[in-house]
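Take a look at the structure set out below.
2 protein chains.
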Amino acid sequence: MGSREKILEAAAAMIAEDMTATLSVRAVAARAGVSTGSLRFHFPTQRALQDTLLARIYEHTFPDDPIRDRSLPARDRLVSCLRQVLAPAGVGEAARKAWEQAYRTFIAPDPTEQVRAAYLAHEREAARRVEYWLSALAAEGALPQGDYAPKVRFLLTVLNGLSVERALPADGSLLKAETETLYMAVDHVLGTG
Amino acid sequence: MGSREKILEAAAAMIAEDMTATLSVRAVAARAGVSTGSLRFHFPTQRALQDTLLARIYEHTFPDDPIRDRSLPARDRLVSCLRQVLAPAGVGEAARKAWEQAYRTFIAPDPTEQVRAAYLAHEREAARRVEYWLSALAAEGALPQGDYAPKVRFLLTVLNGLSVERALPADGSLLKAETETLYMAVDHVLGTG
DNA sequence: GTGATGCTAGCACACCGTGCTAGTACGATG
DNA sequence: CATCGTACTAGCACGGTGTGCTAGCATCAC
């Protein structure tokens, strides 16, 4: 097995064991039984490693991803994927229950290291998914390539806002407002607004 | 001037110059002309610095109606105004307390008509302020006139997301992420992105 | 043989946040 | 006056991060 493959396998294993793993150069290299220099050769930047790994993971789990269905405009696909992230937030009564759960686990208790780690795992997982979608759309030219981190954070913030608004009382049509807001956020990220 | 004040002033200056600045321990200490140990004494963790600075910014920048001050770009003014809405959300421990309050009053209880009305009053008040700012900016041509409702809802959703993220554990720089996200939202609304 | 190329190993550098210790200024207390 | 405790400052050390660089080792073409 080539070094490149050993590296990817080690990194995947580390991610699988602990979702909050940071995948540092030295840790991955050691785990793979490879030198840092070798890792650097195959993945010139740490970002490259993360990207390749991310693509590999999602390629494996979601062979036919809606993000790749080119029969729809990019913005529609991204919105649909974001809704997927939003889905566990529930609606109506379920949304309130979901927020009760979230509040009790992440906000109410003192932020011990354990609480922090648990939440950051959730957050990072969501970020990974969003980042993957953005990179997939960037591959087909729907948005410029580069550092997606700010855009990812932006979208996650919008999702957080929408999810809390699902638990709060609302006056008008939640669906319409939510859809409009989602498209605004997506249009900004894709530059299609 | 005390060290603590010098540190906060230096950090504020660095943020003002470049909103994407990272505010590392040594950079801030050097800029303030104090040692890293001294900085550590006043702010035991880097997160503490960020939180106090954020709080300082919010309490310090309270011009009565900055939206009409044409000496600043429209986007800066709008961001500054939105921060005003975000201010009651608090920072750090206060943010968690604030969310406890919000949760207990608006999410936890069954949404009786009274609860609904109370929340909607808040929401409408916030919406009114945002809409006022948008119309003021539209009057000077910073954005097209028309129906601001979708844009207002969009901005309020972003603010909701940011406020809940203040109460949740965070890994990186809250200040930087929050500023970037605010500017993204504002740039989209103003079409300046 | 002689290079050129692909890959590996490993060190060096410049950062980062944080812990720790020695030292200084100063007011309260004996 | 002397002494102690407290508030503060300075600065180093440690372990962590990503990245650049050089030297070495195969393997193939000529």
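Line by line, the protein sequences are chains A and B.
So for the first sequence, the working numbering puts the first residue at 126; every next one is plus one.
So for the second sequence, the working numbering puts the first residue at 126; every next one is plus one.
Note that CB positions come from ideal geometry on N, CA and C, so glycine has one too.
Here the structure is a predicted model, which means the values were calculated and not measured.
Measure from the alpha carbon of residue i to the alpha carbon of each residue in the options, then state which is nearest.
i, options, result
"residue 316 of chain A", "A:289, A:276, A:231", "A:276"
"residue 171 of chain B", "B:132, B:196, B:269, B:203", "B:132"
"residue 174 of chain A", "A:197, A:200, A:147", "A:147"
"residue 247 of chain A", "A:167, A:262, A:281", "A:281"
"residue 140 of chain A", "A:266, A:250, A:292", "A:250"
"residue 126 of chain B", "B:157, B:137, B:145", "B:157"
"residue 296 of chain B", "A:278, A:295, A:293", "A:278"
"residue 343 of chain A", "A:191, A:207, A:155", "Absent from the structure is residue 343 of chain A, since the part of chain A shown begins at 126 and ends at 318."
"residue 267 of chain A", "A:243, A:313, A:293, A:228", "A:313"
Classify residue i as helix, strand or coil using the three-state DSSP reduction.
i, result
"residue 170 of chain B", "coil"
"residue 303 of chain B", "helix"
"residue 157 of chain B", "helix"
"residue 215 of chain A", "coil"
"residue 294 of chain B", "coil"
"residue 144 of chain B", "coil"
"residue 282 of chain B", "helix"
"residue 126 of chain B", "coil"
"residue 275 of chain A", "helix"
"residue 265 of chain A", "coil"
"residue 191 of chain A", "helix"
"residue 233 of chain B", "coil"
"residue 175 of chain A", "helix"
Which value, in whole angstroms, describes the spacing of the CA atoms of residue i and residue j?
i, j, result
"residue 274 of chain B", "residue 252 of chain B", "9 angstroms"
"residue 245 of chain A", "residue 239 of chain A", "10 angstroms"
"residue 271 of chain B", "residue 301 of chain B", "32 angstroms"
"residue 258 of chain B", "residue 286 of chain B", "20 angstroms"
"residue 288 of chain A", "residue 194 of chain B", "35 angstroms"
"residue 217 of chain A", "residue 223 of chain B", "23 angstroms"
"residue 284 of chain B", "residue 135 of chain B", "27 angstroms"
"residue 159 of chain B", "residue 305 of chain B", "29 angstroms"
"residue 176 of chain A", "residue 161 of chain A", "18 angstroms"
"residue 153 of chain A", "residue 168 of chain A", "12 angstroms"
"residue 143 of chain B", "residue 182 of chain A", "36 angstroms"
"residue 215 of chain B", "residue 180 of chain B", "7 angstroms"
"residue 213 of chain B", "residue 138 of chain B", "24 angstroms"
"residue 291 of chain A", "residue 241 of chain B", "13 angstroms"
"residue 199 of chain B", "residue 164 of chain A", "47 angstroms"
"residue 232 of chain B", "residue 254 of chain A", "28 angstroms"
If we cut at 8 angstroms on Cβ distances, does residue i have a partner in chain B?
i, result
"residue 309 of chain A", "yes"
"residue 166 of chain A", "no"
"residue 147 of chain A", "no"
"residue 241 of chain A", "yes"
"residue 158 of chain A", "no"
"residue 268 of chain A", "no"
"residue 313 of chain A", "yes"
"residue 221 of chain A", "yes"
So residue i contacts chain A; which residues on that side make the cut at Cβ distance below 7 angstroms?
i, result
"residue 236 of chain B", "294"
Please check if any C-beta of chain A sits within less than 8 angstroms of the C-beta of residue i.
i, result
"residue 299 of chain B", "no"
"residue 275 of chain B", "yes"
"residue 150 of chain B", "no"
"residue 228 of chain B", "yes"
"residue 245 of chain B", "yes"
Could you tell me which chain B residues have their CB closer than 7 angstroms to the CB of residue i, listed as they occur along the chain?
i, result
"residue 302 of chain A", "278"
"residue 306 of chain A", "278, 279, 282"
"residue 233 of chain A", "225"
Could you tell me which chain B residues have their CB closer than 8 angstroms to the CB of residue i, listed as they occur along the chain?
i, result
"residue 290 of chain A", "282, 285"
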